[in-house]
Amino acid sequence: MMTVTAVTPGAPPVPVVKKRPPVIVDFARSQPLAAFSMFFILTLVFASIFAKWIAPYDPFALDFAVMLQEPSAQHWFGTDNFGRDVFTRVLYGAQTALMIGILASFFGSILGGIIGVVSGFFSGRFDFIVQRFIDVLLSFPIIVLAVVAVAMLGKFLVFGVDLNLVVAIAIPIVPKVARVVRASALTIREMPYIDAARASGFGPARIIFRHMTPNVFAPFIILFAAFVAQAILLEASLSFLGLGVTEPTPAWGLMLSGNAADFYREAPWMIIFPGLAISVTVFAFNLFGDGLRDYLDPKFKL
Amino acid sequence: MARYIFKRLLYMIPTLFGVAALIFFMLRVVPGDIVELKLRGDGANVSEESIQAERTRLGLNRPLYVQFGDWMVGVATFDLGKSMWTETPVIDEIQNRFTLTIQVAFMATIIAVLLALPLGIISALYKDSWIDQVIRLFTIGGLAMPSFWVGMIIILTLLNVFNWLPPITYTPIWVDPVANLSQLIWPALAVGYRYSAVLTRMVRSQIIEVMLEDYIRTARAKGVYERLVIGRHALRNALLPAITVLGLEFAFLIGGLVVTEQVFNLNGIGRLFVQAVTKNDFTLVQGIVMLIAVIFILTNLLVDILYAYLDPRIRYGGK
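Top to bottom, those sequences are chains A and B.
Per our numbering, the first sequence starts with residue 47, numbered consecutively.
Per our numbering, the second sequence starts with residue 286, numbered consecutively.
This is the structure:
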């Protein structure tokens with residue numbers, strides 16, 4: 047069907063420009079799974095922020111009258127060996143996981159991103175030396191690096207968040223992000239607009255931050271999303287080993303360690319639900335990251 | 286080829302030196318060392334003098350660079366020193382646990398390959414069908430579930446469904462293979478599942494790519510059976526990059542084991558590592574980290590060599 051436009055005689059016909067849908071709608075259309083994951087993540091974020099009002103119980107209150115109860119209408123996920131409501135603790139655990147996961151991935155990706163861009167920009171000897179450092183960092187499995195870093199840094203609580211734990215989880219992320227961002231920076235460096243910027247007499251700082259950084263933003267944001275998942279897993283592993291978050295703070299990995307293992311037979315819900323929470327959250331971040339990659343930069347390989 | 290390998294081995298030295306320096310100085314930043322923990326750990330009232338005496342005995346009072354130099358000389362001569370806690374040589378401590386961890390790692394790799402090959406091939410051949418979606422869900426799930434939790438779920442299932450628990454005491458495979466396997470298959474499964482997820486994705490994307498190649502069309506045009514087209518022509522070419530992933534993700538495996546050993550009460554390297562870190566046993570931590578780094582770097586070298594060997598188009602080092 048033709049689009050009818052009001053045409054005043056004499057005036058050129060006004061072309062009907064199809065308005066692009068808002069980014070979020072476009073994203074949801076092309077990546078429905080990722081959009082759904084994003085919705086889930088946002089819900090989780092809100093639920094954890096308002097946990098105080100949503101949670102049916104106090105996460106710290108011990109109530110030995112209702113120890114090890116199976117899931118019921120009162121206690122959706124059952125209760126643990128101290129009579130604490132598992133659902134409440136899983137909800138509060140989301141606070142810990144998201145806070146540490148997002149912060150660690152943020153710091154790690156920012157630092158890695160800066161190192162990557164700068165190293166890619168200067169190339170030559172400087173790049174060579176930086177890359178050798180990154181080689182060293184990459185020859186540790188991430189958990190090994192994080193375990194040593196956690197032991198080295200100790201605890202440093204700010205508003206109830208162990209900032210040193212965040213740093214320990216961010217450290218293994220830095221070299222990985224730096225590698226990928228550097229590769230992008232190397233291709234961008236050869237682009238005509240960088241030559242143009244150089245020819246205009248701009249200094250390295252300006253070229254790096256005004257011309258290159260915006261162009262490595264797509265891989266950066268994809269990496270950030272992907273590493274939130276990694277960071278959440280790492281936090282859970284560290285807390286499980288007794289090196290991360292400590293009692294009585296509710297954290298998913300911590301809920302699985304220690305006591306939980308004594309109740310395989312009596313209270314399997316103590317093991318099932320926190321693990322499920324980790325898996326579903328990591329799953330959502332992975333799907334979201336994948337979708338974001340396909341949407342922003344289909345050629346980009348992680 | 287020999288030159289290439291030699292060059293790569295040579296490159297290992299600075300990287301390993303970097304690893305050694307990093308781990309050494311990272312550990313030394315810790316306030317409070319093993320001596321405090323060892324003598325005062327249980328609240329005992331120990332005089333400052335005996336603490337200093339113990340420090341001197343362990344060589345912790347020497348300047349850092351002397352300690353580091355000493356340790357580096359040791360590493361170069363394959364002497365990793367003594368554990369600061371048990372006073373047994375680090376090599377012996379590691380050796381006892383090493384066979385167990387390597388066996389589990391090896392079994393996990395086999396499980397991962399056995400899972401990933403068929404799954405990857407099927408999902409590539411039935412791309413975008415429901416079966417591809419199911420497999421995709423299975424693999425993303427493998428990436429999302431922490432392997433220690435998969436391990437716990439395995440134990441939970443064994444206990445509640447079969448009313449059976451894997452044996453707790455470790456039996457070497459040459460003593461009683463059945464007892465050994467019935468204990469180690471479960472952690473291998475937990476870690477291998479996660480490992481297989483990465484591999485499945487790689488196999489799938491490689492096969493999809495290879496199936497578009499000219500030689501596949503030629504083979505089909507010749508009237509080669511589809512089974513042979515896939516088995517002989519596609520698979521061989523698709524597997525090469527998959528091998529790389531196997532090497533690259535080896536860290537995954539070790540990382541998974543560090544935590545999973547805890548779940549299954551296995552006294553492997555991972556458990557030893559965590560214990561050593563919490564006890565500030567510097568020499569032991571250093572030894573384990575060096576070992577892991579060496580294995581990691583060697584695996585990657587091995588993968589590259591295998592890659593060149595299997596694909597005659599790739600020749601490293603030129604000329």
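Cβ atoms here follow ideal geometry from the backbone N, Cα and C, with glycine treated the same way.
Since this is a predicted model, take the numbers as computed values, not measurements.
Reduced DSSP secondary structure (H/G/I, E/B, other) of residue i
i         : result
ASP566(B) : coil
THR371(B) : coil
ASP461(B) : coil
ALA264(A) : helix
VAL483(B) : helix
ASP336(A) : helix
LYS604(B) : Legend: pLDDT at LYS604(B) = 38, less than 50; position of this residue unreliable, value from coordinates given subsequently. Correct three-state label for LYS604(B): coil.
THR545(B) : helix
ALA475(B) : helix
TYR455(B) : coil
MET47(A)  : The predicted position of MET47(A) is uncertain, since its pLDDT is 43 and thus under 50; no value can be drawn from it.
ALA107(A) : coil
TYR594(B) : helix
VAL574(B) : helix
LYS65(A)  : coil
LEU365(B) : coil
LYS349(A) : Residue 349(A) lies beyond the residue range present for chain A, which begins at 47 and ends at 348; the question has no answer from this structure.
SER303(A) : coil
TYR398(A) : Nothing in the structure corresponds to residue 398(A), since chain A is present only between 47 and 348.
ALA297(A) : coil
TYR341(A) : helix
VAL579(B) : helix
Distance, residue j Cα to residue i Cα
i         : j         : result
VAL544(B) : GLY436(B) : 10 Å
LEU312(B) : PHE179(A) : 18 Å
ALA330(A) : PHE92(A)  : 15 Å
GLY603(B) : ALA473(B) : Residue confidence is low: GLY603(B) scores 45 on pLDDT, short of 50, so the model does not pin down where it sits. No coordinate-derived value is stated.
PHE309(A) : LEU520(B) : 46 Å
TRP415(B) : VAL488(B) : 18 Å
PHE105(A) : VAL112(A) : Here residue 105(A) turns out to be Pro, not Phe, going by the sequence shown. Using only the alpha carbons, I get a separation of about 14 Å.
ALA561(B) : LEU538(B) : 20 Å
ALA229(A) : GLY162(A) : 8 Å
ALA216(A) : THR125(A) : 33 Å
SER467(B) : GLY541(B) : 20 Å
ALA231(A) : VAL419(B) : 37 Å
PHE334(A) : VAL351(B) : 50 Å
LEU114(A) : THR456(B) : 35 Å
VAL358(B) : ILE146(A) : 40 Å
GLN380(B) : LEU399(B) : 29 Å
ALA224(A) : ALA107(A) : 44 Å
PHE310(B) : GLY200(A) : 15 Å
VAL194(A) : ARG130(A) : 32 Å
ILE385(A) : GLY139(A) : Because chain A is modelled from 47 through 348, residue 385(A) falls outside the range shown and cannot be assessed.
ILE324(A) : GLY304(A) : 17 Å
LEU157(A) : ALA150(A) : 11 Å
ALA74(A)  : ASP336(A) : 13 Å
ILE554(B) : SER185(A) : 17 Å
LEU338(A) : THR327(A) : 16 Å
Element boundaries [alpha helix (DSSP H), containing residue i]
i         : result
ARG342(B) : 333 to 343
ASN445(B) : 432 to 446
LEU349(B) : 349 to 361
LYS507(B) : 499 to 507
LYS98(A)  : 97 to 100
SER76(A)  : 69 to 76
TRP415(B) : 415 to 429
TYR296(B) : 287 to 313
ALA243(A) : 238 to 245
PRO526(B) : 520 to 533
TRP449(B) : Counting along the chain, TRP449(B) falls outside any alpha helix (DSSP H), and DSSP gives it neither H nor E.
VAL514(B) : Where VAL514(B) is concerned, there is no enclosing alpha helix (DSSP H), given that its DSSP letter is neither H nor E.
GLN177(A) : 170 to 184
Strand pairing of residue i, partner residues [DSSP]
i         : result
THR125(A) : ASP131(A)
ASP208(A) : LEU203(A)
Min CB distance residue i to chain C below 8 Å
i         : result
PRO462(B) : Absent from the structure is chain C; the protein chains it does hold are A and B.
**Asked** Touching or not, the stretch 165 to 185 of chain A and the stretch 267 to 279 of chain A, by the rule of three or more beta carbon pairs under 8 Å?
**Response** no
**contact_flag[the stretch 309 to 324 of chain A, the stretch 285 to 299 of chain A] where n(CB pairs < 8 Å) is 3 or more** = yes
**Item:** Validate contact between the stretch 458 to 467 of chain B and the stretch 479 to 486 of chain B using beta carbons, cut 8 Å, 3 pairs
**Value:** Taking 8 Å as the limit for Cβ pairs, the verdict is that the stretch 479 to 486 of chain B does not touch the stretch 458 to 467 of chain B.
**Prompt:** At a cut of 8 Å, does the stretch 300 to 307 of chain B reach the stretch 569 to 580 of chain B through at least three beta carbon pairs?
**Reply:** yes
**Asked** Is the stretch 339 to 347 of chain B touching the stretch 499 to 516 of chain B in the sense that three or more CB pairs, one from each, lie closer than 8 Å?
**Response** no
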